[in-house]
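First the structure, in the form of structure tokens, and then the observations on it.
In UniProt numbering, the protein residues as written are 1 to 610.
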């Protein structure tokens, strides 16, 4: 079967062919294949075993020629392998195009991994930075730290107290990763970490708060503000903890039409501590640039859930960082001295400086032991399909399951979406933009794909048709009161960013689209001024990362798809706080929980060896 590549891959190979007219076609085809791998979310092309399947195909219906080629050869483990792998040419055939690490060539061959040169540099530089930063701080006042942690975690009763251990680790080390599922108290822990750090320094630390998306930054900001009110620490220390969170692009200083940022190794960020939430969403390139922009002495604290979907762009950085080994004896002794003893958690030897930097929070404060959502999330994360189906069939404690294929469920699904947004449209009729934005975030329909029968685009189209019919609007009408849209392209002049959600309301006899900024202020813009956008009554699970809703509905596609996998199902369910519904067949859910995708990368090996 002939491989079908993207225009970018074809143009890249054509450019290389013009620069190196003697290059054999097999080398040019490898260049195309590396481009395809990066498009699929991989950092490199693994010549030893193929590379993994795409994380977000565009359709759940009939596949295009390129998509058929992309998902062909999918094995039981969710990996894409080519039936005709291109061997590397022998001798001088790859000269000038494929080189060894350190050579100035467009492609870099490092062991059995073939990289675009830029991604090889991202990966190696990031690994070096992380390993260098994973060092103990020799200026920590351990008795003071223990007293501060006694005050900050006095109400914790779990043993071992992983929140307290995470706080101790973040003070003891320059680099710390705190991973945990929903409700495990990551934000509660980090505000106590910041209080302990300010206490150690006597105040005055320059602290930054950031997240990959505007929505995630806003959630972080709200959580920090709320947690400060109940911190129970001295007022000066609490006042020294910042509340404003930025997107990573704003923090680093985006340059329009450029892949570079204003802050970099030559112009580092003026920070002593940086906390980044929703770190699982950060791709390799952005993480490498973030580490480059940190001053050598700056502490970095990453928060996230290692079991969620990986970033949309290339890499699975957070998961690779959290691969982990056993804590060292020295670290365990320091935790005991800080009053945060834990068992020798982790697997295998402490083979990396990172071993003592990874803390996993295990106890969920959001979901009680009998919570249906919590139980379902655990079963999804463990890939236990039969118990998950049995739990869904019982339909209790905040979970529900509507079985069937999309054609059978379509009308009921649209009625359920109307019901879910009923409170939102009540708020729209009141004309209060802030109240309507808050009401809109109480419910969301999630999908695996953008296109296809059960995809987000089709559900949005069908629901808008119903809404227009009920209001006697012409089907060609685009804007109406209550239309909800998501921005899909950054506009720095308007301060609108990919993922921002706006709603249309009448204002002075005209329709305006209202957005909430990072400070909680609401502003309206004329619809014609908006950058690229799309309706957002339904959205892909990928787009929902960094958000939470009271109720979530996940519509599963009928057909097998590489995007339908365990992390997607887990991520969807954990967006819900009160109720989670699955709409689809048992076969589709079973396929999803059996698929645990991987992305080709050398980062884990560089960090952990092996």
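Here a beta-carbon is modelled for each residue, glycine too, at the ideal position from N, C-alpha and C. Everything numeric in this text was worked out from a predicted model, so none of it was measured.
Buried versus exposed, by CB contacts within 10 Å (16 or more), residue i
| i | result |
| --- | --- |
| residue 260 | exposed |
| residue 305 | buried |
| residue 123 | buried |
| residue 38 | buried |
| residue 504 | buried |
| residue 68 | No answer about residue 68 holds up, because its pLDDT of 33 lies below 50 and its placement is not dependable. |
| residue 570 | buried |
| residue 464 | buried |
| residue 562 | buried |
| residue 256 | exposed |
| residue 80 | Here the model assigns residue 80 a pLDDT of 36, short of 50, so the residue's position is not dependable, and the following value carries that caveat. Buried is the call here. |
| residue 75 | Confidence in residue 75 is poor, its pLDDT being 34 and thus under 50, which makes the residue's placement too unreliable to answer from. |
| residue 510 | exposed |
| residue 16 | buried |
| residue 92 | At residue 92 the pLDDT is 46, less than 50, meaning the model places this residue with poor confidence and gives no usable figure here. |
| residue 54 | Model confidence at residue 54 stands at a pLDDT of 37, short of 50, so the residue's coordinates are unreliable and nothing is read from them. |
| residue 65 | Because residue 65 carries a pLDDT of 29, less than 50, the predicted location of this residue cannot be relied on, and the following value inherits that uncertainty. Classification for residue 65: exposed. |
| residue 155 | exposed |
| residue 220 | buried |
| residue 477 | exposed |
Beta-carbon proximity of residue i to residue j, cut-off 8 Å
| i | j | result |
| --- | --- | --- |
| residue 119 | residue 43 | yes |
| residue 251 | residue 279 | no |
| residue 546 | residue 285 | no |
| residue 621 | residue 353 | Here the chain covers residues 1 to 610 and nothing more, so residue 621 does not appear. |
| residue 309 | residue 541 | yes |
| residue 585 | residue 402 | no |
| residue 608 | residue 323 | yes |
| residue 443 | residue 420 | yes |
| residue 484 | residue 535 | yes |
| residue 97 | residue 31 | yes |
| residue 181 | residue 329 | no |
| residue 492 | residue 254 | yes |
| residue 203 | residue 240 | yes |
| residue 552 | residue 526 | no |
| residue 431 | residue 548 | no |
| residue 293 | residue 249 | no |
Cβ neighbours of residue i in the same chain (closer than 6 Å, five flanking residues each side left out)
| i | result |
| --- | --- |
| residue 424 | 439 and 440 |
| residue 168 | 335, 338 and 340 |
| residue 538 | 445, 447, 456, 459 and 460 |
| residue 314 | 38, 41, 43, 283 and 284 |
| residue 385 | 590 and 593 |
| residue 554 | 446, 572 and 582 |
| residue 110 | 101 |
| residue 115 | 44 and 108 |
| residue 516 | 437 and 522 |
Beta-carbon contacts of residue i that lie in its chain and below 7 Å, excluding the five residues immediately before and after
| i | result |
| --- | --- |
| residue 565 | 78, 592, 595, 596 and 597 |
| residue 127 | 603, 606 and 607 |
| residue 557 | 60, 448, 449, 452, 454, 564 and 588 |
| residue 7 | none |
| residue 216 | 277, 278 and 546 |
Contact test: residue i Cβ vs the ligand SAM heavy atom, cutoff 7 Å
| i | result |
| --- | --- |
| residue 392 | Although the ligand SAM was asked about, the structure shown includes no ligands whatsoever. |
Residue i versus the options, residue with shortest Cα-Cα distance
| i | options | result |
| --- | --- | --- |
| residue 143 | 199, 554 and 484 | 199 |
| residue 578 | 116, 96 and 376 | 376 |
| residue 141 | 486, 201 and 162 | 201 |
| residue 296 | 136, 312, 275 and 265 | 265 |
| residue 372 | 582, 98 and 487 | 582 |
| residue 176 | 477, 281, 242 and 331 | 331 |
| residue 311 | 410, 488, 245 and 543 | 543 |
| residue 207 | 214, 216 and 193 | 193 |
| residue 139 | 241, 333, 247 and 173 | 173 |
| residue 214 | 104, 574, 247 and 532 | 247 |
| residue 380 | 220, 294, 482 and 574 | 574 |
| residue 342 | 160, 576 and 146 | 160 |
| residue 499 | 490, 506 and 156 | 490 |
| residue 496 | 533, 221, 466 and 481 | 533 |
Whole-angstrom C-beta distance between residue j and residue i, which should lie under 8 Å
| i | j | result |
| --- | --- | --- |
| residue 630 | residue 227 | There is simply no residue 630 to check, as the chain begins at 1 and stops at 610 in what is shown. |
| residue 530 | residue 513 | 6 Å |
| residue 614 | residue 325 | Given that the chain is displayed from residue 1 to residue 610, the structure contains no residue 614 and the question cannot be resolved. |
| residue 27 | residue 45 | With 8 Å as the limit, residue 27 and residue 45 do not qualify as a contact, their Cβ atoms being about 13 Å apart. |
| residue 522 | residue 388 | With a Cβ gap of about 40 Å, residue 522 and residue 388 do not count as contacting. |
| residue 5 | residue 36 | 6 Å |
| residue 409 | residue 462 | Actually they do not touch by this definition, with Cβ atoms about 12 Å apart. |
| residue 224 | residue 205 | Actually they are not in contact, since the Cβ atoms of residue 224 and residue 205 sit about 15 Å apart, beyond 8 Å. |
| residue 359 | residue 117 | Actually they do not touch by this definition, with Cβ atoms about 35 Å apart. |
Chain D contact for residue i (CB, 8 Å cutoff)
| i | result |
| --- | --- |
| residue 42 | Reference to chain D is not applicable here, since this structure consists of a single protein chain. |
Spatial neighbours of residue i in its chain, beta-carbon cut-off 8 Å, leaving aside the 5 residues before and after
| i | result |
| --- | --- |
| residue 291 | 125, 126, 129, 130, 133 and 300 |
| residue 237 | 195, 198, 199 and 203 |
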